[in-house]
Amino acid sequence: YHLLVRPGLEIIEACGGLHRFMGWNGPILTDSGGFQVFSLAGLRKIRETGVEFQSHIDGRALFIGPVEAMAAQKTLGSDIAMCFDECPPYPCAAQSACQAVDKTLLWAGLCANQARAPGQLVFGIVQGGEFRELRERCARGLTAIGFDGYAVGGVSVGEPEPVLLQEVEDGVRLLPVDRPRYVMGLGDMWQMAEAVARGVDLFDCVMPTRHARNGSAFTAHGFYPVKAGAAKCDTRPVEAGCGCYCCQTFSRAYIRHLLNVNEILGVRLLTIHNVHRYLETLREMRGAIAAGAFADWRRACAARLRTAASVADA
2 YHLLVRPGLE IIEACGGLHR FMGWNGPILT DSGGFQVFSL AGLRKIRETG VEFQSHIDGR
62 ALFIGPVEAM AAQKTLGSDI AMCFDECPPY PCAAQSACQA VDKTLLWAGL CANQARAPGQ
122 LVFGIVQGGE FRELRERCAR GLTAIGFDGY AVGGVSVGEP EPVLLQEVED GVRLLPVDRP
182 RYVMGLGDMW QMAEAVARGV DLFDCVMPTR HARNGSAFTA HGFYPVKAGA AKCDTRPVEA
242 GCGCYCCQTF SRAYIRHLLN VNEILGVRLL TIHNVHRYLE TLREMRGAIA AGAFADWRRA
302 CAARLRTAAS VADA
């Protein structure tokens with residue numbers, strides 16, 4: 002959705018596709034716009050063929066359906082394209098969640114038959130809100146269509162954590178074990194560990210970058226507010242022992258100063274650190290799985306990360 006609005010598909014296509022436009026040779030996954038449209042609840046109308054909505058930038062009328070979403074992702078040339086789906090809110094009545102599943106399955110069938118970029122994979126998305134039977138029906142329906150991978154959507158949209166983890170479990174349980182299984186929008190490190198324990202392989206989330214913009218860092222021992230006053234004379238790195246550029250080069254005091262004078266470098270440095278911390282946590286997780294020690298790692302992770310929100314001595 003965001004790339005459709007700005008800079009527009011024509012510009013990205015003229016630049017040779019998303020990889021060349023960004024200068025990124027690694028894998029790229031693009032969402033279909035379903036969740037972004039969900040976030041524009043006051044500006045949209047859901048139809049059988051797709052969603053009519055207004056641009057949040059200039060108010061112009063737009064339409065996205067399964068055909069349009071797949072055509073856009075083909076133009077972008079991403080490595081993984083997501084089916085267009087309907088993401089119900091939380092809380093949500095069972096009837097509304099059922100209607101969202103019906104549309105998600107209808108649209109998934111259409112998405113599966115659209116042209117795609119060379120080598121592009123397509124993932125289906127399991128919806129169903131907090132209702133187990135709907136999650137399972139959606140998973141069965143998507144599996145019957147057949148996709149390169151599968152995602153669990155509509156989680157982390159305001160529901161309590163026990164409900165969130167149950168939604169993940171219900172969504173993953175019936176998905177093929179020989180295909181990637183991806184939870185959309187889940188980024189709390191402890192919740193990621195719990196999702197992996199339930200069979201999840203992939204995640205995406207804005208938490209590392211959003212928290213950096215708000216002046217906070219993730220560490221192996223919890224969450225640290227660098228922008229807070231406690232760091233103003235602290236010459237230590239954001240996280241002791243961290244090998245990222247931020248921690249190897251700059252102090253908490255300096256980064257706090259940058260943040261408090263609205264210097265964008267402070268946000269960039271914290272973003273570098275937060276992304277590094279997430280990658281390190283995932284490496285630890287993979288190593289524990291390979292060593293047959295994931296259960297122990299999971300318990301240790303809970304002890305470290307399920308503590309107070311702020312850890313002064315991170």
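In the numbering used here, the protein residues as written are 2 to 315. Beta carbons: idealized from backbone N, C-alpha and C, even for Gly.
Inset, instruction - Compute the distance between the beta-carbons of A82 and T31, then report whether it is under 8 Å. - result: yes
Inset, instruction - Give the range of the beta strand (DSSP E) segment to which L203 is assigned. - result: L203 to D205 is the span of the beta strand (DSSP E), which, as asked, contains L203.
Legend entry - First through last residue of the alpha helix (DSSP H) which encompasses L187: Looking at the DSSP string, L187 is not in any alpha helix (DSSP H), and its letter there is neither H nor E.
Inset, instruction - Run through the stretch 251-280 for me and flag every whole beta strand (DSSP E) of 3 or more residues, listed as ranges in chain order. - result: none
Inset, instruction - Would you kindly report the start and end of the unbroken beta strand (DSSP E) that includes T220? - result: Segment S217 to T220, the beta strand (DSSP E) holding T220.
Inset, instruction - Below 6 Å CB to CB, which residues in the same chain sit around A152 once its five sequence neighbours on both sides are set aside? - result: F124, I126, Y183 and M185
Legend entry - Q55 - DSSP class collapsed to helix/strand/coil: strand
Inset, instruction - Return the bridge partner residues of T31 from the DSSP annotation. - result: A82
Legend entry - Within 8 Å, strictly: CB atoms of V164 and E131: yes
Legend entry - Proximity below 8 Å, CB of G188 to CB of F204: yes
Inset, instruction - Measure the CB-CB distance between E88 and F36 and report whether it falls below 8 Å. - result: The sequence given here has Cys at residue 88, not Glu. Yes, these two residues count as a Cβ contact at 8 Å.
Inset, instruction - Measure the CB-CB distance between V276 and R253 and report whether it falls below 8 Å. - result: no
Legend entry - Endpoints, beta strand (DSSP E) assigned at L122: Where L122 is concerned, the enclosing beta strand (DSSP E) stretches over L122 to V127.
Legend entry - Cross-strand partners of K46 (DSSP beta bridge): According to DSSP, which records beta bridges pairwise, K46 is partnered with E53.
Legend entry - Inter-residue spacing [alpha-carbon to alpha-carbon] between G288 and G18: 35 Å
Legend entry - Neighbourhood of K233 by C-beta, 7 Å cutoff - its chain only, sequence neighbours within 5 removed: A254 and R257
Legend entry - According to DSSP, residues forming a beta bridge with G200: Bridge partners of G200: none, in fact.
Legend entry - Nonlocal neighbours in the same chain, by C-beta distance under 6 Å from P67, ignoring five residues either side: F85, W108, L111 and C112
Inset, instruction - Could you spell out where the alpha helix (DSSP H) holding F295 opens and where it closes? - result: F295 to L306
Legend entry - Beta-carbon proximity of P209 to T272, cut-off 8 Å: yes
Legend entry - A109 (DSSP reduced to helix, strand or coil): helix
Inset, instruction - State the start and end residues of the unbroken beta strand (DSSP E) segment that holds P67. - result: Careful: P67 lies outside any beta strand (DSSP E), inside the alpha helix (DSSP H) at P67 to L77.
Inset, instruction - Kindly say whether L306, judged by its beta-carbon, lies nearer than 8 Å to any beta-carbon of chain B. - result: Note that chain B does not occur in the displayed structure, where there is just one protein chain.
Inset, instruction - Could you spell out the range, first to last residue, of the beta strand (DSSP E) harbouring F22? - result: Taken as a continuous stretch (DSSP letters only), F22 belongs to no beta strand (DSSP E), being part of the alpha helix (DSSP H) at L19 to M23.
Legend entry - Burial state of A140 (16 or more Cβ within 10 Å): buried
Inset, instruction - Please state if the CB of R211 and the CB of E240 are separated by a distance shorter than 8 Å. - result: no
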